[in-house]
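A.B. asks: Sending over a structure as structure tokens; questions will come in a sec.
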Amino acid sequence: MKHLVLVDGHHLMYRAYWAIPRTLKTNDGRQVNAVFGFASMILSLLKQEEPDALLICFDAGEETFRHQEHAEYKEGRAETPDDFYEQIPLILECVEACSFLHVSNEQYEADDLIASYAHAATAAGMRVSIVSGDRDLLQLADEHVRIIVPHKGYNQAEYIGPKEVEEKFGITPLQVPAWKGLVGDASDNLPGVMGIGPKTASRLLQQYHSLEGIYKHLDVVRPKEREKLLSGKEQAFFCERMAQLVCTIPLPHPLDSLILRNLSAEKVVQFFRSCGFTLLLKRFRDVLESPYGQKIFKGVPAEWDCGPHEQMTLFSS
15 MKHLVLVDGH HLMYRAYWAI PRTLKTNDGR QVNAVFGFAS MILSLLKQEE PDALLICFDA
75 GEETFRHQEH AEYKEGRAET PDDFYEQIPL ILECVEACSF LHVSNEQYEA DDLIASYAHA
135 ATAAGMRVSI VSGDRDLLQL ADEHVRIIVP HKGYNQAEYI GPKEVEEKFG ITPLQVPAWK
195 GLVGDASDNL PGVMGIGPKT ASRLLQQYHS LEGIYKHLDV VRPKEREKLL SGKEQAFFCE
255 RMAQLVCTIP LPHPLDSLIL RNLSAEKVVQ FFRSCGFTLL LKRFRDVLES PYGQKIFKGV
315 PAEWDCGPHE QMTLFSS
């Protein structure tokens, strides 16, 4: 069974930006902390997961169908610093230097693209790992799909399948949209049902399985909860619909094009050298010297220049 890794590109970029000191710059003065952190996590991912196939999914930065349904969708988030956006072109250059395919869609979020690829891949007999910290993606967890949440870069990654979703939230993965319909999601500016918290939502879904089931049994629900549910019914179903991922987007890249083979090692080396990423060059050499690296990369450089650099002192601890 081939292993496909789907990467939430923007999640990795944000995590990298805030994890690595913003003082990290190239010799010509370009800020590259997000680029370095992103590339570092990709190297760790390759080493630990050894995927047969990989795709990086990005948000297009446009208003999606959810914004059209809810004008205030995702409003209230903190402003993203300009020096984050300035690094996105270089991160895309890094992805292309690694010969990885990437995708975005103006009508949909990266989560929807991930859901569509996960659905197609499992139908084709692949197992899927999704690298992201977005809770919406937990609804995709099943016997063939797991969610990987990076921690400490990627070194303490958390692996989440159906069992972990149930242990953490008291619900099944398929109940995640209904749970968010009740609880809401502040990060997406979805209010849910006022006064219904996570524990109450989990208990109600354990008893009645779905929003429809809960509302069919309002006569036996606790009076205070019944009142809240009645006043928030429209919001509950609306927020559930907004949290439901789309699994039917036509795939811009066919699954077989995602297979990692004959990737150019030289392009990766050139990119890391252009940014002065000496530490990443050494780590990439370790990947190339592994049986997995030899299987997916070609054109291994005969000589390596991994000399001292100021970034080594910053990140060698």
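Number 203 in the working numbering belongs to position 189 of the sequence shown; there are no gaps in the numbering.
Cβ coordinates follow ideal geometry from the N, Cα and C atoms, glycine included.
For serine 330, does the count of other Cβ atoms within 10 angstroms reach 16, so buried, or fall short, so exposed?
C.D. replies: Residue placement at serine 330 cannot be trusted, given a pLDDT of 32 that sits under 50; the coordinates are not used to answer.
A.B. asks: May I have the straight-line CA-CA distance separating lysine 289 from leucine 59, to the nearest angstrom?
C.D. replies: The sequence given here has cysteine at residue 289, not lysine. Those two C-alpha atoms are separated by around 21 angstroms.
A.B. asks: Buried or exposed: which applies to asparagine 119, given that a residue is buried once 16 or more other Cβ atoms fall within 10 Å of its Cβ?
C.D. replies: With 16 or more Cβ atoms within 10 Å of its Cβ, asparagine 119 is classed as buried.
A.B. asks: Do histidine 158 and isoleucine 141 count as a contact pair if the criterion is CB distance below 8 angstroms?
C.D. replies: Sequence inspection shows arginine at residue 141; the isoleucine mentioned does not correspond to that position. Yes, Cβ-Cβ distance for arginine 141 and histidine 158 is below 8 angstroms.
A.B. asks: Quick one: Cα of valine 314 to Cα of glutamate 303, how far?
C.D. replies: Their backbone Cα atoms lie some 9 angstroms apart in a straight line.
A.B. asks: Can you name, in chain order, every residue of its own chain whose Cβ lies under 6 angstroms from the Cβ of tyrosine 31, other than the five neighbours on each side?
C.D. replies: The answer, listed in chain order, is Ala48 and Phe98.
A.B. asks: In the structure shown, what three-state DSSP assignment does leucine 18 receive?
C.D. replies: It is a strand residue.
A.B. asks: Going by the beta-carbon positions, is the gap between aspartate 22 and alanine 124 smaller than 8 angstroms?
C.D. replies: Their beta carbons are under 8 angstroms apart, which means aspartate 22 touches alanine 124 by this criterion.
A.B. asks: Starting from the Cα of leucine 20, find the closest Cα among Thr37, Glu63, Arg287 and Arg44 and give me that residue.
C.D. replies: With distances taken between Cα atoms, leucine 20 lies closest to Glu63.
A.B. asks: Can tryptophan 193 and leucine 219 be called in contact, C-beta distance under 8 angstroms?
C.D. replies: Cβ atoms of tryptophan 193 and leucine 219: closer than 8 angstroms.
A.B. asks: Answer yes or no: do glutamate 253 and glycine 195 have a C-beta to C-beta separation smaller than 8 angstroms?
C.D. replies: The amino acid at residue 253 is misidentified as glutamate; the sequence shows cysteine. Result yes, Cβ atoms of cysteine 253 and glycine 195 sit closer than 8 angstroms.
A.B. asks: Buried or exposed: methionine 256, going by 16 or more other Cβ atoms within 10 Å of its Cβ?
C.D. replies: Buried, because 16 or more other Cβ atoms sit within 10 Å of the Cβ of methionine 256.
A.B. asks: Going by alpha carbons, who is nearest to threonine 136 out of Lys16, Glu110, Val145 and Asp73?
C.D. replies: Per the Cα distances, Lys16.
A.B. asks: Evaluate proline 35 with the Cβ neighbour count: other Cβ atoms within 10 Å of its Cβ, from every protein chain shown; 16 or more gives buried, anything less gives exposed.
C.D. replies: Exposed is the call here.
A.B. asks: Looking at C-alpha atoms only, which residue of Ser224, Ala155 and Leu269 is the closest neighbour of lysine 247?
C.D. replies: The candidate whose alpha carbon is nearest that of lysine 247 is Ser224.
A.B. asks: How is the alpha helix (DSSP H) around serine 14 delimited, first residue to last?
C.D. replies: Lying outside 15 to 331, the shown extent of the chain, residue 14 is not represented and no answer is given.
A.B. asks: Could you give the DSSP three-state label for cysteine 112: helix, strand or coil?
C.D. replies: Three-state result, cysteine 112: coil.
A.B. asks: Please tell me whether alanine 129 and leucine 243 are closer than 8 angstroms, where the distance is taken between their beta carbons.
C.D. replies: Not closer than 8 angstroms, so no.
A.B. asks: Tell me whether isoleucine 263 sits in a helix, a strand or coil according to DSSP, three-state version.
C.D. replies: DSSP places isoleucine 263 in coil when its eight states are reduced to three.
A.B. asks: My guess is that glycine 206 and alanine 250 are in contact by the Cβ rule of under 8 angstroms, so how many angstroms apart are they, rounded?
C.D. replies: Going by Cβ atoms, the distance from glycine 206 to alanine 250 rounds to 7 angstroms, so yes, they are a contact pair.
A.B. asks: Can you list, in chain order, the residues of its chain whose CB lies under 6 angstroms from that of serine 146, leaving out five sequence neighbours each side?
C.D. replies: Within the same chain, serine 146 has close Cβ partners Asp22 and His25.
A.B. asks: May I ask which residues mark the beginning and end of the beta strand (DSSP E) holding isoleucine 161?
C.D. replies: Per DSSP, isoleucine 161 belongs to the beta strand (DSSP E) from 159-163.
A.B. asks: Could you check the C-alpha separation between alanine 215 and phenylalanine 311 for me, to the nearest Å?
C.D. replies: Distance between the alpha carbons of alanine 215 and phenylalanine 311: 48 angstroms.
A.B. asks: Less than 7 angstroms between C-beta atoms, sequence neighbours within five positions excluded: which residues of the same chain meet that for glycine 175?
C.D. replies: Cβ neighbours of glycine 175 beyond the five flanking positions: Ala155 and Arg160.
A.B. asks: Quick check on DSSP: helix, strand or coil for histidine 24?
C.D. replies: Correct three-state label for histidine 24: helix.
A.B. asks: With distances taken from CA atoms, which of Val190, Ile162, Thr94 and Glu280 is nearest tyrosine 173?
C.D. replies: Among Val190, Ile162, Thr94 and Glu280, the Cα nearest to that of tyrosine 173 belongs to Ile162.
A.B. asks: Does the Cβ-Cβ distance between leucine 272 and leucine 115 come in under 8 angstroms?
C.D. replies: Yes, these two residues count as a Cβ contact at 8 angstroms.
A.B. asks: Put arginine 217 into one of helix, strand or coil per three-state DSSP.
C.D. replies: Residue state, collapsed to three classes: helix.
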